[in-house]
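Residues are numbered in my numbering as their position in the sequence shown, beginning at 1, plus a constant of 123.
No residue lacks a Cβ here, since even glycine has one placed at the ideal position from N, Cα and C.
What you are looking at is a predicted structure, and each value in this text was computed from that prediction instead of being measured.
A quick write-up on the structure given underneath.
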Amino acid sequence: MTAYAWESPVNAVAYDAFDQRYPTYRISSSRLADEAALAPGERVVDLACGTGATTRQILTRVGPAGTITGVDASPAMLDVAGRNIRAPNVRWVTGQAERLDSVIDTPVDAVVCNMAFWQLTPAPTLSAIARVLRPGGRLAFTISHRLLPPGHPMARDRDGIAPMLQDDEATWVSRLEAHGFTRIRTLALAFEEPPEWLAAWLEVPALGRPVLSDRPGLPAHIRAAGLPTLQRTTYYVAMKPGP
Ligand SMILES: C[S@@+](CC[C@H](N)C(=O)[O-])C[C@H]1O[C@@H](n2cnc3c(N)ncnc32)[C@H](O)[C@@H]1O
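This is the structure in structure tokens:
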């Protein structure tokens, strides 16, 4: 798999089909939007918005007076997002998180990023986010860990997919502090994913291949794959200093 399997239209459709059927990303997106304390009328960037699972949740909080820019590196994911959500106050922009400030030119109240942060390069991404937030603006993102046995294929850096999965809370907090963020709040929640959801998740190429490519011929059934169903998702909320 290339480092950027997200570029494939087949993957985008498969991801969206998973998202329509199983609530995994809806649950974390909804919680993240709550933790970000989004208010009606706010201007929000949904970073690495994918096919719009998080955007929908943001939209219900900012309402028609708010504005949302969904940014993703994959035009294929954005194409599906644009078909999913048609609202005059939502726009879709192709862009790399690491250069977010090259596609957002008006300061925003919040940047929200669900289930993607570990795929991004932290230092340039955090610098770019700090540049697009207004003083007092918030950054909210999730980091999800499966409770992996040592040596599990997902636990190592494969194809650029998951180098950050092993980083702990203290590491992320110090990265935020190093980029000037304050009022850092974290909330770690356990999430037990039914095996059926996880088996379906593994069928999405960009998600399952890093795990299953080590086990040729293995059906994407969670028990056979040996992938734990227990996850811990940490929600991070931080503020750019200002009024
Ligand atoms: C697991 S999906 C999450 C999508 C959405 N936030 C959700 O909760 O459903 C990860 C997304 O991150 C995007 N992505 C990965 N690396 C990126 C980068 N460097 N810049 C922007 N988007 C990126 C992928 O294209 C993909 O759409």
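Residue i: CB within 7 Å of a non-hydrogen atom of ligand 1
i    : result
A196 : yes
S297 : no
D142 : yes
Q219 : yes
G173 : yes
M362 : no
A313 : no
Q242 : yes
W129 : yes
T376 : In the structure displayed, the chain extends from 124 to 366; residue 376 sits before or after that span and is not available.
S267 : no
N237 : yes
S152 : yes
Y148 : yes
Residue of the options minimising C-alpha distance to residue i
i    : options                   : result
F264 : R144, C236 and A159       : C236
Q143 : T174, M238 and F240       : T174
A199 : V133, A293, K363 and L321 : V133
G193 : R298, D202 and T178       : T178
I307 : P187, A293 and E315       : A293
L310 : E300, G303 and Y358       : Y358
F314 : F141, A135, Y148 and D139 : Y148
P298 : G164, L330, E326 and F240 : The amino acid occupying residue 298 in the given sequence is Arg; Pro does not appear at that position. It is F240 whose Cα lies nearest to the Cα of R298.
N- and C-terminal bounds of the alpha helix (DSSP H) containing residue i
i    : result
I181 : A176 to V185
T357 : That residue, T357, is in no alpha helix (DSSP H); its beta strand (DSSP E) goes L353 to M362.
T294 : E292 to A301
W320 : P318 to L325
L223 : Element bounds for L223: n/a, residue is neither H nor E.
D202 : P198 to N207
For residue j and residue i, the rounded distance between their alpha carbons
i    : j    : result
V360 : V296 : 10 Å
R209 : G218 : 20 Å
Q354 : S131 : 27 Å
E319 : I266 : 22 Å
A160 : M238 : 18 Å
D228 : R214 : 14 Å
A196 : L321 : 25 Å
V226 : P317 : 38 Å
Residue i - containing beta strand (DSSP E), residue span
i    : result
T147 : Not the beta strand (DSSP E): T147 falls in the alpha helix (DSSP H), residues T147 to E158.
E315 : T305 to E315
I252 : No beta strand (DSSP E) holds I252; the alpha helix (DSSP H) holding it covers P245 to V255.
A233 : V231 to C236
D169 : R166 to L170
D228 : Segment: none, D228 is in no beta strand (DSSP E) and carries neither H nor E.
G218 : Here G218 belongs to no beta strand (DSSP E), and DSSP marks it neither H nor E.
Supposed contact pair residue j and residue i - C-beta distance, whole angstroms, cut 8 Å
i    : j    : result
L312 : T356 : 6 Å
R261 : A233 : 5 Å
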